[in-house]
Each structure stands twice: as structure tokens, then as C-alpha cells.
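First the structure, in the form of C-alpha cells, and then the observations on it.
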Amino acid sequence: MSTVSVDESAISEAKELRDRFQRFLHEYEFGMREVETKISILKDEFTHHHAYNPIEHVKSRVKSPDSIVEKIARKGIEDPDFDRIREEITDIAGVRVTCSFTADVYRLFDLLTAQDDITVRVVKDYIKNPKANGYKSLHAILEVPVFLSTGALSVPVEVQFRTIAMDFWASLEHKIYYKFANQVPAHLVDSLTDAAEAAAELDLRMERLHREAHGVPRRELAPPPPPRIVGV
Numbered sequence: 016m017s018t019v020s021v022d023e024s025a026i027s028e029a030k031e032l033r034d035r036f037q038r039f040l041h042e043y044e045f046g047m048r049e050v051e052t053k054i055s056i057l058k059d060e061f062t063h064h065h066a067y068n069p070i071e072h073v074k075s076r077v078k079s080p081d082s083i084v085e086k087i088a089r090k091g092i093e094d095p096d097f098d099r100i101r102e103e104i105t106d107i108a109g110v111r112v113t114c115s116f117t118a119d120v121y122r123l124f125d126l127l128t129a130q131d132d133i134t135v136r137v138v139k140d141y142i143k144n145p146k147a148n149g150y151k152s153l154h155a156i157l158e159v160p161v162f163l164s165t166g167a168l169s170v171p172v173e174v175q176f177r178t179i180a181m182d183f184w185a186s187l188e189h190k191i192y193y194k195f196a197n198q199v200p201a202h203l204v205d206s207l208t209d210a211a212e213a214a215a216e217l218d219l220r221m222e223r224l225h226r227e228a229h230g231v232p233r234r235e236l237a238p239p240p241p242p243r244i245v246g247v
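16 is the number of the first residue of the sequence shown in this note's numbering; add one for each residue after it.
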């Protein structure tokens with residue numbers, strides 16, 4: 016039986032790279048937790064001290080190594096190192112906040128970004144300016160401080176705010192595009208666009224009913240501070 020020699024130095028380098036990548040992902044996990052905690056505190060405050068809670072549910076995730084590698088390839092990042100990845104890919108950590116109404120989306124954005132330790136890097140308002148396929152959501156890249164044993168660092172977290180109707184439509188659209196490997200038949204694309212319009216109309220009607228029943232004023236998104244534009 017033949018034997019294969021083991022290159023101990025190569026194994027050691029592979030383990031070191033694995034450990035560095037794990038530490039890299041942990042930074043984003045910790046940043047995600049910071050945002051989750053802030054949102055959870057707001058949700059508990061609304062639940063216990065106000066008559067109305069605008070937060071329906073919250074989901075979060077850190078991109079898998081495979082997803083990060085795929086995005087590196089899509090963005091054409093050559094010879095990537097951890098510093099380059101940090102600069103070029105800002106949605107490694109993501110939090111999605113689903114609200115009852117469009118006004119709640121902007122209210123939660125205002126409350127979260129008003130906190131002193133949060134820095135707004137980029138805002139993309141796909142509610143006021145929907146994508147061509149009808150997609151609506153408010154996207155923000157927020158930097159939060161994470162305090163480690165080695166010191167403090169700022170971690171970017173993508174936070175998406177959307178209504179229940181927007182979230183339902185986006186979930187269905189994602190499943191359809193996944194099913195057809197992004198080659199969706201034209202008639203389904205048209206139906207999705209129609210559904211997006213119906214979802215937007217439902218949001219308007221339900222929010223109007225809510226305001227009339229509870230006297231809730233319409234909220235608008237205040238202009239954010241000039242953001243530092245980065246790749247998203």
C-alpha cells in the first residue's frame with residue numbers, strides 16, 4: 016500500500032486560514048447581534064409602554080462562506096484579502112425588520128439611526144423608488160461598534176425595513192427566481208409586477224384605515240447625513 020507524505024506546514028497554513036476566516040465571520044455575527052439587541056429593546060419598549068408595536072418580526076443572517084465567495088466573483092474582486100472584502104462587501108451581516116405599515120418603516124429607521132453609536136453609510140429607498148420589477152424595501156448599511164478583547168472595531172450591517180406585504184412579495188419572487196434559475200418566463204414576470212402593484216395598493220389601504228382608526232400621522236424619512244458610498 017502506497018503512502019502519501021503529509022506537508023505539515025501546508026496543514027498548519029490551512030488551519031490558520033480557517034481560524035482567520037472564522038474570526039472574520041464572528042466580527043459580523045457580533046455586529047449583527049448589536050443591531051438585533053437595539054431592535055429588540057425598541058420592540059419591548061413599544062410592547063410594554065405604548066399602545067402600538069410597529070415591529071412584526073425580525074430575521075437575521077450572516078452570509079455563508081460560499082455566498083461570500085460567490086459575491087467576490089460577481090463583483091470581480093481580484094486577489095481578495097480580508098481588508099478588501101471588508102471594504103467591498105457590506106452585506107455580510109444582514110437584519111430584516113418587518114413592520115405593519117410603510118410609515119412604521121420610516122419610524123423604525125429614524126429611531127434606530129438616531130442612536131449615537133450608529134453611523135449611516137448608505138441608504139437606498141426602494142419604497143419611494145421601487146425597482147423595475149416592483150421590489151420595495153428600505154435598505155441601509157449601518158456601522159455599529161463591536162468591543163472585542165483586542166479593542167473596538169466598526170462593523171457594517173445591512174438592515175432592510177419592509178412591510179408585511181412587501182416581505183411576502185419579495186419572498187415569493189425569490190422562490191420563483193430560484194425555481195427557474197433566474198430564467199423566469201415572461202408571463203410570470205408580468206404577474207409578479209402586477210402582484211407588486213397589488214401589494215402596494217394593499218399597504219396604502221391598510222395604512223389609511225389604521226390612521227383613520229387611531230389618528231396616526233403619516234411619517235416620512237428624514238434625509239440621512241451624506242453617506243460614504245461603498246459597494247453593496
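Yeah, the Cβ is synthetic: ideal placement off N, Cα and C, and Gly gets one too. Keep in mind the model is a prediction, meaning the values are calculated, not measured.
**Request:** Return the Cβ separation of residue 107 and residue 83 in integer angstroms, given the expectation that the two are a contact with Cβ distance under 8 Å.
**Result:** Taking the sequence shown and counting its residues from 1, the one referred to as residue 107 is at position 92. Taking the sequence shown and counting its residues from 1, the one referred to as residue 83 is at position 68. The Cβ separation is near 6 Å, so the contact holds.
**Runs of beta strand (DSSP E) wholly within the segment 132 to 174 (minimum 3 residues, chain order)** = Entirely contained in the segment 132 to 174, the beta strand (DSSP E) runs reaching 3 residues are, in chain order, 134 to 140 and 153 to 163.
**Message:** Tell me the rounded alpha-carbon separation between residue 61 and residue 121.
**Reply:** Position 46 of the sequence shown, counted from the first residue, corresponds to residue 61. Position 106 of the sequence shown, counted from the first residue, corresponds to residue 121. Taking the straight line from one Cα to the other gives about 16 Å.
**Own chain residues within Cβ distance below 7 Å of residue 145, not counting five before or after** = Mapped onto the sequence shown, residue 145 falls at position 130. Cβ neighbours of residue 145 beyond the five flanking positions: 151.
**Asked** Would you call residue 165 buried or exposed, if buried means 16 or more other Cβ atoms sit within 10 Å of its Cβ?
**Response** One-based indexing of the sequence shown puts residue 165 at position 150. Counting Cβ neighbours within 10 Å, residue 165 comes out exposed, since fewer than 16 surround it.
**Prompt:** Is the segment 122 to 139 in contact with the segment 42 to 58, if contact means three or more CB pairs nearer than 8 Å?
**Reply:** yes
**Request:** May I ask you to check if the CB of residue 57 is nearer than 7 Å to at least one heavy atom of the ligand ZN?
**Result:** The ligand ZN is absent from the structure shown, which contains no ligand whatsoever.
**Request:** Tell me, to the nearest whole angstrom, how far the beta carbon of residue 177 is from that of residue 153; I am working on the premise that it is less than 8 Å.
**Result:** Within the sequence shown, residue 177 is the residue found at index 162, counting from 1. Within the sequence shown, residue 153 is the residue found at index 138, counting from 1. Confirmed, about 7 Å.
**Asked** Whole-angstrom Cβ separation of residue 77 and residue 40, contact assumed at under 8 Å?
**Response** Within the sequence shown, the letter at position 62 stands for residue 77. Within the sequence shown, the letter at position 25 stands for residue 40. Correct: roughly 6 Å between the Cβ atoms.
**Message:** Let's see if you can read the secondary structure: which residues bound the alpha helix (DSSP H) around residue 108?
**Reply:** Position 93 of the sequence shown, counted from the start, is the residue given in the question as residue 108. Not the alpha helix (DSSP H): residue 108 falls in the beta strand (DSSP E), residues 108 to 114.
**Request:** Could you check which residue in 194, 197, 168 and 187 has the C-alpha nearest to that of residue 38?
**Result:** Start at 1 with the first residue of the sequence shown, and residue 38 comes out as number 23. When only C-alpha atoms are compared, the closest one is 168.
**Message:** Using only the alpha-carbon positions, how far apart do residue 215 and residue 183 sit?
**Reply:** Start at 1 with the first residue of the sequence shown, and residue 215 comes out as number 200. Start at 1 with the first residue of the sequence shown, and residue 183 comes out as number 168. Roughly 12 Å between the two C-alpha positions.
**residue 119 versus 97, 137, 36 and 142, residue with shortest Cα-Cα distance** = Position 104 of the sequence shown holds residue 119. Checked all of 97, 137, 36 and 142; the closest Cα to residue 119 is 142.
**Message:** Tell me which residue opens and which closes the beta strand (DSSP E) that residue 75 is part of.
**Reply:** Numbered from 1 along the sequence shown, position 60 holds the residue referred to as residue 75. Note, residue 75: beta strand (DSSP E), 70 to 77.
**Prompt:** Going by other Cβ atoms of all chains shown within 10 Å of its Cβ, with 16 needed for buried, is residue 220 buried or exposed?
**Reply:** On the sequence shown, residue 220 is found 205 positions in, with the first residue counted as 1. Exposed.
**Integer Cβ distance of residue 45 from residue 174, believed to fall under 8 Å** = Walking along the sequence shown from the start, residue 45 turns up at place 30. Walking along the sequence shown from the start, residue 174 turns up at place 159. With 8 Å as the limit, residue 45 and residue 174 do not qualify as a contact, their Cβ atoms being about 15 Å apart.
**Asked** Between residue 124 and the rest of its own chain, which residues show a CB-CB distance below 7 Å, the 5 nearest in sequence each way excluded?
**Response** Numbered from its first residue, the sequence shown carries residue 124 at position 109. Closer than 7 Å at Cβ, skipping near neighbours: 153, 155, 176 and 236.
**Request:** Pull up the distance between the alpha-carbon of residue 64 and that of residue 70, whole angstroms please.
**Result:** Within the sequence shown, the letter at position 49 stands for residue 64. Within the sequence shown, the letter at position 55 stands for residue 70. Annotation: residue 64 to residue 70 spans about 14 Å, alpha carbon to alpha carbon.
**Prompt:** Which residue's Cα is closest to the Cα of residue 102: 158, 68, 74 and 113?
**Reply:** Mapped onto the sequence shown, residue 102 falls at position 87. Out of 158, 68, 74 and 113, 158 has the C-alpha closest to the C-alpha of residue 102.
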